[in-house]
Amino acid sequence: MSDNGPGRVEITYHPGDPQSSQLRVRVGDEVSVTLHGSPAYGWTPVEAVGSPLTLIETAAVAGTARAAVRATAPGEAELRSASSFRGDRFGPQTRLWRLHVHVDP
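Counting along the sequence shown from 1, when you hit position 28 you're at 529 in the working numbering, and nothing is skipped either side.
Right, here's the structure in full:
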């Protein structure tokens, strides 16, 4: 990221990938998240939990979730989504994806 202005960070996750546990950004930076799934085992829309992050856009279509998030204040927050099998409510376990975000001034 540049000292001249806001940066952009792209996070992409495919089932089976190791999860990133933490991300550090600055106020004004934008985070783009793509969680790949399938129509039968899809993601819920990404949530931003904590006040330093604001969702700009979020969508979950055909099993893939996408979100654009802006860091608006210093602090800590979490991005998260859950994926579950849609064909049988007693089917395979729900999976949780989450990313802890540190926002620096």
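In this text, a Cβ means the ideal position worked out from N, Cα and C, and glycines have one as well.
### Query
For D605, does the three-state DSSP call read helix, strand or coil?
Residue numbering aside, residue 605 sits at position 104 when the sequence shown is read from its first letter. In the structure shown, D605 sits in a strand (DSSP, three-state: E or B).
### Message
Please tell me whether R480 and H603 are closer than 7 Å, where the distance is taken between their beta carbons.
### Response
The structure shown does not extend to residue 480, since the chain spans only 502 to 606, so no value can be given for it.
### Message
Between which two residues does the beta strand (DSSP E) holding G529 run?
### Response
If you number the sequence shown from 1, residue 529 lands on position 28. Premise fails: G529 is in no beta strand (DSSP E) and is neither H nor E.
#### Entry: DSSP three-state assignment for S522, whether helix, strand or coil
Here the question's residue 522 lines up with position 21 in the sequence shown. Coil, per DSSP.
### Task
Could you please give me the residues that DSSP links to S585 through a beta bridge?
Along the sequence shown, read from residue 1 onward, the residue named residue 585 stands at position 84. S585 pairs with G543.
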